Structure formats: structure tokens, C-alpha cells
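Numbering of the sequence shown is given in numbering that gives the first Met the number 0, commencing with residue 0 and proceeding in unit increments. Note that beta-carbon positions come from the ideal geometry of N, C-alpha and C, so glycine has one too. Keep in mind that this is a model prediction, so the values were computed, not measured. Structure record follows, encoded as C-alpha cells.
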Amino acid sequence: MRRQRGSLAVEFAILVPALVLLFGLIVGGARTWLARTGVQHMAGAAARAASLERSTDAAEQAANRLAAQQALASGMRCQPLSVQLDAPTLSQQAGTPGRVTATVDCQVPMSDIVVPGWPGTVMVSASAQAVVDTYRGRTP
């Protein structure tokens, strides 16, 4: 019968890197999922804030401001954070039904997760719509 001296060290040499890699993948996946839900929440809040404004310029300012506040509050490090607003209804007269669409793009850094093959950043994008009050006064 052969001696098994050193077999435990070989098992650890094989299992420990595999477990570290698995843990890194779990953390990376969780961070990506949190980034996606956070950006979706930012898009919804930006669309809602824009729908409450009376002009397109004020709506863009409100959407950008609220998205930046949401990013800070959630601890997301978006480099860069971009908000595109589609609000043609705000430039029309009251009585015209419509929607405001906000699209938020966020590049989330992943460089602190040490997993081979994992990208340094992940681009996350989300869109949301909010209904504009049909009979609220607007500034065309």
C-alpha cells in the first residue's frame, strides 16, 4: 500500500483556487444584478421627476439631478452616468396625452473583483416611462 503523505496539500492546491474563483463569480454576478436593479430604479425616478415638470428644459434638469441623487444614495459608482430624456409631449399644449421616457446608462467599475476574464467595467442601461398629466399646464 502506498503512503498518502502530501495528498492533502495537493487537494488544497486544486480546491482552494476553484473555490476562490467560484466566490468571485458569485460576487461579480451579485454586483451586476445590483447595478441593473439600481439603474432601473434610477430610470423610473428620472422619468417620474421629468413628468412632473412643465417644460422640456426643466424636465431634463430634474431627471439628471434625480438620477445623480439616486446613484449617490445607492452607493453606485457610475463613471459616467448618462440620462437621455424623450419628452415631446411637454412642448405641446395642455390636453395632449403623452409619456416621458428616461433612459439611464451607467458604466459600473468591476476592476476590484479579481476574476480572470471578468471585464473592468460593465455598461448597464435601463429605460422607464411615466405618464404626463394631460390637463396640467405646460410651457411650450
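query = Can you tell me whether Ala129 is buried or exposed, with buried defined as 16 or more other CB within 10 angstroms of its CB?
reply = buried
task = Report the rounded CA-to-CA distance for Val26 versus Gly94, giving the unit in angstroms.
result = 49 angstroms
task = Spell out a yes or no on whether the region 9-20 and the region 42-59 are touching, meaning 3 or more CB-CB pairs, one atom from each, closer than 8 angstroms.
result = no
message = Check this for me: beta carbons of Val103 and Arg30, under 9 angstroms apart or not?
response = no
inquiry  = I'd like the span of the alpha helix (DSSP H) that includes Ala12, first residue to last.
reply    = 6-50
request  = For the alpha helix (DSSP H) containing Gln68, list its first residue and its last residue.
outcome  = 55-73
task = Could you give the DSSP three-state label for Thr102: helix, strand or coil?
result = Correct three-state label for Thr102: strand.
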